[in-house]
Amino acid sequence: MLGKTTRLITKGLTLQRKQRRAPMCDFERIRYELKPCDIILVEGRSRVSEVIKVITQSPWSHAALYIGRLHDIEDSEIREQVKQHCDCSPDSQLLVESELGMGTVIRPITVYEKEHLRICRPRGLKYQDAQQIINYAISRVGVEYDVRQIFDLARFLFPWRLLPRRWRSSLFAKGAGPTTKTVCSTMIAEAFNNVQFPILPLVKTNTADGRVQLFRRNPKLCAPRDFDYSPYFKIIKYPFIDYSHHASYRLLPWHGNIPLDNEEADLYLTPGESENSLVAIADNEIALPPKKPKGNPH
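In the numbering used here, the protein residues as written are 7 to 304.
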């Protein structure tokens with residue numbers, strides 16, 4: 007009975023909204039540019055993704071670690087582990103990720119072909135450290151989500167004012183313990199902590215001698231946005247339409263007669279509406295106050 011209830015809740019939380027009609031990024035370019043140990047941020051479309059976005063105040067609801075192709079993994083035993091967990095061709099580009107309802111798994115990057123993605127690349131990461139990170143992530147494959155976390159997420163979807171304070175989800179609270187151990191970014195943060203690579207460390211200065219010390223953040227509190235904000239990761243974007251390939255952004259295809267549906271019309275302007283708004287701005291320019299005449303203050 008409990009297992010059936012858990013599956014139903016998980017199914018509801020992972021239910022996907024419809025995909026965008028037009029992609030936000032150039033997936034083929036992203037695939038081409040990826041390097042092992044890049045972190046892929048995903049703007050998810052499920053109900054649990056919306057919860058994470060609200061909690062973290064970020065559009066990025068999921069993070070996955072890119073481990074490359076099979077030949078990119080140096081350790082032959084680790085390669086065999088990958089083959090056991092993922093039925094893939096030698097040329098498949100693979101991710102390790104922790105997902106609600108699946109646990110920690112290896113999947114091809116093609117599962118995110120239609121999603122909005124961003125690459126976060128660790129700056130100056132050494133090859134051997136990259137291999138250690140990949141090995142650690144693969145060693146976590148098969149780790150399941152805590153059942154408590156599923157109920158925490160379900161409970162969090164209820165309006166807070168309808169629940170007593172003691173019933174509110176402590177999923178993302180500091181010191182929540184095992185309830186947050188399987189948040190998608192935790193496994194990745196642990197892997198980078200394993201080689202002492204910083205994400206968002208606390209920096210403190212010793213007042214006595216002026217020495218600086220870094221403190222690694224608790225990986226259980228790591229969120230996808232932390233990789234986006236971290237100064238130790240390079241952010242790489244490949245928009246679906248890249249104006250750098252045009253003579254000017256003014257030559258982008260802003261004009262046309264493609265209609266918007268009702269939902270899109272609430273969020274976007276048609277070419278005619280855009281022109282009218284620009285005219286209105288021009289007609290209502292803010293007048294600056296006249297300058298005071300210069301004169302003798304006495």
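By construction, the Cβ of each residue, glycine as well, lies at the ideal position given by its N, Cα and C atoms.
Between which residues of its own chain and residue i is the CB-CB distance below 6 Å, once the five residues before and five after are set aside?
i, result
"Ala197", "Ile139, Tyr142, Ala143"
"Gly74", "Pro42"
"Cys190", "His68, Ala69, Ser104"
Let me know the secondary structure DSSP gives residue i once reduced to three states.
i, result
"Ile79", "coil"
"Gln99", "coil"
"Tyr133", "helix"
"His68", "strand"
"Arg51", "coil"
"Arg113", "strand"
"Glu105", "strand"
"Ile84", "helix"
"Cys31", "strand"
"Ile205", "coil"
"Ile139", "helix"
"Ile73", "strand"
"Ile264", "coil"
Tell me, to the nearest whole angstrom, how far the beta carbon of residue i is from that of residue j; I am working on the premise that it is less than 8 Å.
i, j, result
"Gly48", "Leu71", "Checking the sequence shown, residue 48 turns out to be Val, not Gly. With a Cβ gap of about 12 Å, Val48 and Leu71 do not count as contacting."
"Thr192", "Pro225", "5 Å"
"Gly148", "Gly107", "In fact, because the Cβ distance is near 14 Å, the residues do not count as touching under 8 Å."
"Ile46", "Leu123", "6 Å"
"Val231", "Thr62", "Checking the sequence shown, residue 231 turns out to be Arg, not Val. About 5 Å separates the two Cβ atoms, so the contact holds."
Would you list the residues sitting across from residue i in a DSSP beta bridge?
i, result
"Pro128", "Phe239"
"Leu123", "Val48"
"Ile148", "Correcting the residue type first, residue 148 is Gly in the shown sequence and not Ile. Paired residues: none, contrary to the question."
Excluding the five sequence neighbours on either side, which residues of its own chain have a C-beta within less than 7 Å of the C-beta of residue i, listed in chain order?
i, result
"Ile58", "Ser67"
"Glu80", "Gln137"
Skipping 5 residues on each side, what residues in its chain have a beta carbon closer than 8 Å to that of residue i?
i, result
"Tyr274", "Leu266"
>> At 4 residues or longer, what runs of the alpha helix (DSSP H) sit wholly inside the stretch 209-248?
In response: The stretch 209-248 contains these whole alpha helix (DSSP H) runs: 230-235.
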